[in-house]
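Undergrad:
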Amino acid sequence: MIRKKKEEIINEMADSLSKSAVAITTDYRGMSAKEMVQLRHQLHQQGVKYKVVKNTLARFAAEKAGIKGLDQFLSGPMAIAISYDDPVKPAKIINEYIKAANSALKIKGGVLGNRALTAADIINLANTPSREVLLSQLLGSMKSPIQSFHSVLSAPMCGLATALNARIKQLETA
Numbered sequence: 001m002i003r004k005k006k007e008e009i010i011n012e013m014a015d016s017l018s019k020s021a022v023a024i025t026t027d028y029r030g031m032s033a034k035e036m037v038q039l040r041h042q043l044h045q046q047g048v049k050y051k052v053v054k055n056t057l058a059r060f061a062a063e064k065a066g067i068k069g070l071d072q073f074l075s076g077p078m079a080i081a082i083s084y085d086d087p088v089k090p091a092k093i094i095n096e097y098i099k100a101a102n103s104a105l106k107i108k109g110g111v112l113g114n115r116a117l118t119a120a121d122i123i124n125l126a127n128t129p130s131r132e133v134l135l136s137q138l139l140g141s142m143k144s145p146i147q148s149f150h151s152v153l154s155a156p157m158c159g160l161a162t163a164l165n166a167r168i169k170q171l172e173t174a
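Note that my numbering gives residue 99 to position 99 of the sequence shown, counting from 1, and the numbers run on in steps of one.
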């Protein structure tokens, strides 16, 4: 590969890494080309970039992007999944693909921001609920005290209304 092409790859990857929410490295040894295409397709549908990159080029790109901790996962045949918005998406897709297809794909590690993630960390990340579920849980927990407060304030009024209705019925029957 000529030097200019390598520099283009490094610059493109450094740009991707600097904008990324998460980058996950995988070992794709033992996967067929068909399996690789299926995985790439699943990731691409969710807006995740998945690319096979030479380790030295990835190391230079990570260094240029100012990302520390990624170089410890850059050995052997390696592909990297990069997500720009949701850090959970690629972890979920890769983890589900490994389980469903009984694939030879292995998670090596990755980075979330400037924090290095081990394979176990990425599996834990994959098991966390999606952003939408977490937001709905947060809203539910914020709404609960307000509903309780409303119930406490309205209970005396309901009790008074019930007592007045009972007295009215008592006077009507008498």
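Beta carbons are placed, not taken as given, at the ideal position from N, Cα and C, and that holds for glycine. All figures in this text were calculated on a predicted structure; none of them were measured in a lab.
(1) Mind checking whether A61 and I2 have CB atoms under 9 Å apart?
(2) Tell me, which residues are paired with I82 by DSSP?
(3) Going by the CB atoms, is the gap between L112 and A21 shorter than 9 Å?
(4) Please report the straight-line C-alpha distance between I93 and A126, rounded to a whole angstrom.
(5) Go to K106, then tell me how far its beta strand (DSSP E) extends in each direction, as first and last residue.
(6) Give me the DSSP bridge partner(s) of T118.
(7) Could you spell out where the alpha helix (DSSP H) holding L74 opens and where it closes?
(8) Mapping DSSP to helix, strand and coil, what is N124?
(9) For a test of the three-state rule: what should DSSP assign to R131, helix, strand or coil?
(10) Taking the CB atoms as reference points, tell me whether A81 and Y50 lie closer together than 9 Å.
(11) Check whether the Cβ atoms of K108 and D27 sit closer than 9 Å, and answer yes or no.
(12) Would you call the CB atoms of L57 and K6 closer than 9 Å?
(13) Can you look up I2 in the DSSP assignment and give me helix, strand or coil?
(14) So the alpha helix (DSSP H) I94 belongs to, where does it begin and stop?
(15) Give me the residue from R40, R131, K106 and Y97 with the minimum Cα distance to A120.
(16) Buried or exposed, going by whether 16 or more other CB atoms sit within 10 Å of the CB of A65?
(17) For N124, count neighbouring C-beta atoms within 10 Å of its own C-beta (all shown protein chains included) and say buried if the count is 16 or more, exposed if not.
(18) Select from S103, T118, P129 and R167 the residue whose C-alpha is nearest the C-alpha of R29.
(19) My output table needs one value for K54: the three-state DSSP class, helix, strand or coil.
TA: Concretely, from the data shown:
(1) No, these two residues do not count as a Cβ contact at 9 Å.
(2) The partner list for I82 (beta bridge, DSSP) reads A23 and K49.
(3) Yes, they are a contact pair.
(4) 8 Å
(5) K106 to L112
(6) G109
(7) No alpha helix (DSSP H) contains L74, which DSSP labels as neither H nor E.
(8) helix
(9) Residue state for R131 is assigned as helix, using DSSP reduced to three classes.
(10) Cβ distance < 9 Å, so A81 and Y50 count as in contact.
(11) yes
(12) yes
(13) In the structure shown, I2 adopts coil according to DSSP, grouped into three states.
(14) Unbroken alpha helix (DSSP H) run through I94: V88 to A101.
(15) Nearest C-alpha to A120: K106.
(16) Residue burial annotation: A65 is buried, with at least 16 other C-beta atoms found within 10 angstroms of its C-beta.
(17) exposed
(18) S103
(19) Coil, per DSSP.
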